[in-house]
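Structure first, commentary second.
There are 2 protein chains.
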Amino acid sequence: MNTVFKALNDKTRRDILELLKEGDRTAGEIADHFNFSKPTISHHLDLLRQAELIVSEKQGQFISYSLNTTVVDELLKWVLQFSSNASEKAKNKNLGYEGQ
Amino acid sequence: MNTVFKALNDKTRRDILELLKEGDRTAGEIADHFNFSKPTISHHLDLLRQAELIVSEKQGQFISYSLNTTVVDELLKWVLQFSSNASEKAKNKNLGYEGQ
DNA sequence: TTTGTATTTAGATATTTGTCTAAATATATA
DNA sequence: TATATATTTAGACAAATATCTAAATACAAA
């Protein structure tokens with residue numbers, strides 16, 4: 001969870017996730033959406049990948065990035081433990097949250 | 001959301017939330033659970049309060065802290081938008097998520 | 001009022017973070 | 001092979017962060 005929260009603690013990185021929600025993008029396409037240098041975006045992608053919030057796949061000379069919903073679901077379970085919503089908590093139990 | 005993710009990006013602060021999940025605690029009681037100075041814990045409580053993840057109430061000479069599930073639910077909605085779980089997404093719609 | 005307890009504020013410092021430019025690596029194409 | 005494109009790595013630096021000690025504030029009780 002540490003790397004996940006670290007990755008999410010930056011507006012640009014959260015915006016990258018929103019972009020990838022729409023569909024896969026290459027590193028260059030992602031960089032073109034922001035007013036930061038390519039190395040800076042590359043660094044952000046690295047942190048998101050360390051958190052396993054995204055995965056990368058080499059496609060020829062490009063590298064394509066996409067969301068990894070597995071970790072999103074773990075985060076969801078973590079948040080649910082604090083929710084006041086009883087039915088969410090029940091679902092949480094179904095999802096097998098065990099604390100950590 | 002910025003202050004929320006900032007507040008969550010620290011193990012000690014997440015542990016404080018877990019502690020408050022069990023019930024309200026005074027600043028001193030919270031500090032006693034950690035191997036950090038009271039000023040350090042006070043600072044962490046301040047950041048959690050800025051994010052509105054917790055609320056404080058003065059009770060005589062003590063200050064009692066408790067969870068604020070309202071912001072937890074907002075966070076939940078934010079995470080849900082990335083979830084692959086379709087029924088969760090439907091629920092998300094019911095909760096009125098509008099993006100941000 | 002004086003003393004003690006609870007908590008925060010102030011100020012200092014080492015570490016981490018986000019950003020940049022320059023250079024390196026990898027692949028495609030002429 | 002030589003050149004161009006895509007991306008990352010390396011190194012530097014300013015800003016933000018987590019921690020500490022010392023001091024200040026607020027309240028309670030003797």
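Going line by line, the protein sequences match chains A and B.
Counting from 1, position 42 in the first sequence corresponds to residue 42 in full-length UniProt numbering; the numbering is continuous, with no gaps.
Counting from 1, position 88 in the second sequence corresponds to residue 88 in full-length UniProt numbering; the numbering is continuous, with no gaps.
All C-beta atoms, glycine included, are put in the ideal place defined by N, C-alpha and C.
Which chain A residues sit within Cβ distance under 9 Å of residue i?
| i | result |
| --- | --- |
| Asp-32(B) | Within chain A, no residue comes near Asp-32(B); the closest Cβ sits about 22 Å away, beyond 9 Å. |
| Leu-67(B) | Phe-82 and Ser-84 |
Residues of chain A with CB under 7 Å from residue i, in chain order?
| i | result |
| --- | --- |
| Val-72(B) | Val-79, Phe-82 and Ser-83 |
| Thr-26(B) | Near Thr-26(B) there are no residues of chain A at all, since even the closest Cβ is about 20 Å away, more than 7 Å. |
Answer yes or no: do residue i and residue j have a C-beta to C-beta separation smaller than 7 Å?
| i | j | result |
| --- | --- | --- |
| Ile-54(A) | Asn-35(A) | no |
| residue 111(A) | Leu-48(A) | With chain A covering 1 to 100 only, the question about residue 111(A) has no answer from this structure. |
| Ala-31(A) | Lys-38(A) | yes |
| residue 101(A) | Lys-77(B) | The structure shown does not extend to residue 101(A), since chain A spans only 1 to 100, so no value can be given for it. |
| Val-71(B) | Leu-75(A) | no |
| Phe-62(B) | Thr-26(B) | yes |
| His-33(A) | Leu-19(A) | yes |
Roughly how far, in whole angstroms, is the beta-carbon of residue i from the beta-carbon of residue j, given that I think they are within contact range, below 8 Å?
| i | j | result |
| --- | --- | --- |
| Asp-24(A) | Ser-64(A) | 5 Å |
Pick helix, strand or coil for residue i, following the three-state DSSP scheme.
| i | result |
| --- | --- |
| Phe-59(A) | First, the residue type needs correcting, since residue 59(A) is Gln and not Phe in the sequence shown. If DSSP states are grouped into helix, strand and coil, Gln-59(A) belongs with the strands. |
| Ser-84(B) | coil |
| Ser-42(B) | helix |
| Leu-67(A) | strand |
| Phe-5(B) | helix |
| Gln-100(A) | The predicted model places Gln-100(A) with a pLDDT of 44, which falls under 50 and marks its position as unreliable; any figure quoted below should be read in that light. The answer is coil: DSSP assigns Gln-100(A) none of H, G, I, E or B. |
Under 8 Å Cβ-Cβ, which residues of chain B neighbour residue i?
| i | result |
| --- | --- |
| Leu-75(A) | Val-79 |
Anything in chain B within Cβ reach of residue i, meaning under 9 Å, just list it in chain order.
| i | result |
| --- | --- |
| Lys-21(A) | Gln-81 and Phe-82 |
For the ligand PLP, is there a heavy atom less than 6 Å away from the beta-carbon of residue i?
| i | result |
| --- | --- |
| Val-71(B) | For the structure depicted, the ligand PLP is absent and the ligand set is empty, with no information on it obtainable. |
Taking a Cβ distance cut-off of 7 Å, strictly less, list which residues of the region 1-19 of chain B are near chain A, in chain order. Asn-2, Phe-5, Lys-6, Leu-8, Asn-9, Lys-11 and Leu-17
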